[in-house]
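Chemist:
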Amino acid sequence: QSFFTTPFVVQLISCLIARERASMTIQYSSYVVTVTLLLLVVAAASSRQKLSMAAPTTLPGCPDKCGNVSIPYPFGTQDGCFLPGFQIICNHTFHPPRAFFPAEYFRSGPDMVYSKPLIRTEHVYYNNTQNGDDMPRGISSFSPVELMGVSVAEGKLQVRAPFCYKCKLNETHHSYRNTVLIYFPDRSPFFLSEQSTVLMGIGKYPITAEQRSGPSCQAYVQSLDQFVNGTCSGQGCCQATMLPQTHYDTVTMESHDHNDCTYAMLVDKSWYSFTSLDLDGDVFLRRNNASGVPVAVDFVITNHSCPRHGQQVPEGYACTGDNTICVQLPLDDDNEGYLCRCSQGYQGNPYIQNGCQ
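First residue of the sequence shown? That's 626 in my numbering, and the numbers climb one at a time after it.
1) On a Cα-Cα basis, can you pick out the residue from Tyr698, Ala921, Asn979, Gly861 that is closest to Val870?
2) Nearest CA to the CA of Met878: which residue from Cys857, Ile832, Gly780?
3) When the Cα atoms are used, what is the spatial distance from Gln937 to Gly780?
4) Identify which residue in Phe788, Gln703, Phe707 has its Cα closest to the Cα of Cys715.
5) Kindly list the residues whose CB is nearer than 8 Å to the CB of Thr620, restricted to its own chain and excluding five residues on each side of it in sequence; keep chain order.
6) Does DSSP classify Tyr976 as helix, strand or coil?
7) With a threshold of 16 other CB atoms inside 10 Å of the CB of Thr949, please say whether the residue is buried or exposed.
8) Closer than 8 Å by C-beta to Leu684: which residues in its own chain qualify, once you throw out the five before and the five after it? Chain order, please.
9) Determine which residues share a DSSP beta bridge with Leu956 and list them.
10) Taking the alpha-carbon positions, what's the Pro721 to Tyr971 distance?
11) In its own chain, which residues sit with a C-beta less than 8 Å from the C-beta of Gln860, not counting the 5 before and 5 after it?
12) Name the one or two DSSP bridge partners that Pro919 has.
13) Find out if the Cβ-Cβ distance for the pair Gly985, Cys863 is shorter than 8 Å.
14) Taking the beta carbon of Thr682 as the centre, do at least 16 other beta carbons fall within 10 Å, making it buried, or is it exposed?
15) Check this for me: beta carbons of Leu964 and Leu891, under 8 Å apart or not?
16) Put Ser901 into one of helix, strand or coil per three-state DSSP.
17) Decide if Arg762 is buried, meaning its Cβ has at least 16 other Cβ atoms within 10 Å, or exposed.
18) Please tell me whether Ala889 and Phe767 are closer than 8 Å, where the distance is taken between their beta carbons.
19) Between the Cα of Tyr750 and the Cα atoms of Ala724, Lys793, Ile713, which residue gives the shortest distance?
20) Are the CB atoms of Met867 and Thr822 nearer to each other than 8 Å?
21) Quick check on the DSSP output: the beta strand (DSSP E) that includes Asn803 runs from which residue to which?
22) I think Ala724 touches Gly692, with their Cβ atoms under 8 Å apart; what is that distance to the nearest whole Å?
23) Can you check which of these residues, Tyr830, Val876, Ser841, Tyr801, is closest to Ala865 by C-alpha distance?
24) Between the Cα of Pro810 and the Cα atoms of Pro769, Thr856, Tyr739, which residue gives the shortest distance?
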């Protein structure tokens, strides 16, 4: 019997072969895992690069941001970068810069004439005289409408607006903003959003929030255990809907004098959730007076309609990119309008070439 055929040697050789095969299998498996991971990393990087390169939001050479606010076309801050009516002013005196609609107003006789979007507020100040009379004094102020954000996919934007308040915390602290006007000109591309914006009133004591057009609402607290945080159904908080296609609206309120604050405002209903903390003192005023509240606004392409099937695309047609559809919108005053949307399965900006991916 040969040495190499003895049982011990045969078993030893078999073990060595098995170990070598196992080592090769492990190395191969490790190689496969490494290659697979590398391929996944390359694919992810390629996908991110493709998305970042293929998703323009504005026209070539046009700024796409003002400070922290994105400015997608049809909006723009420079000549040649926006459709008529969609100009935005980027105010660099703020840090960071802030975006505003251009404002223009002038006095014609006793009345003010507005030709651009604006905010008008009326404050009432009380001066305690020596004989104890609390004499009110009213002051009006004007400001441009500030843009907070744009969604071209939804045809919506958010603007910043002040709100009405009446606060009498003690005999020496009595402040009152009794009127807020949010104004977009007639036949402009902008409407206060009837789906997203509501009239809202907040108060512990009876308050009636009113708007120029549309229903009012009344809020009060009958018992401290009746209101529920997060709901706005009349107990401490009330809300009323907007009328459709409202270019502008004026908010006012009526309330009795009490040592607390009451509020009325137009506001994006998704932004505010009622809390009983806002009924005490001037908590809501101190938290939001400087920044204001967001108001949802719809925009459309006005004075045009979607071309019918087979019809030549009209001059100035806004849905210029591939993979876009035109959505016709009925407007009042015999006016026409539409929105551009990306086709199903695509996302992006339908108002520019290669915007829908």
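We put the CB at the ideal spot given by N, CA and C, even for glycine.
Remember, it's a predicted structure, so these values are computed and weren't measured experimentally.
Modeler: This is what the structure gives:
1) Correcting the residue type first, residue 870 is Gln in the shown sequence and not Val. When only C-alpha atoms are compared, the closest one is Ala921.
2) Out of Cys857, Ile832, Gly780, Ile832 has the C-alpha closest to the C-alpha of Met878.
3) 25 Å
4) Gln703
5) No answer is possible for residue 620: it lies beyond the span of the chain, which begins at 626 and ends at 982.
6) coil
7) buried
8) Tyr698, Gly701, Gly705, Cys706, Ile977
9) None, per the DSSP bridge assignment.
10) 33 Å
11) Counting only Cβ-Cβ distances below 8 Å, and skipping sequence neighbours, we find Ala844, Tyr845, Val846, Gln847, Gln851, Phe852, Val853.
12) Arg785
13) Residue 985 is absent from the model: the chain starts at 626 and stops at 982.
14) buried
15) For the pair Leu964 and Leu891, the CB atoms are not nearer than the 8 Å cut-off.
16) helix
17) exposed
18) Not closer than 8 Å, so no.
19) Lys793
20) yes
21) 799-808
22) 7 Å
23) Ser841
24) Tyr739
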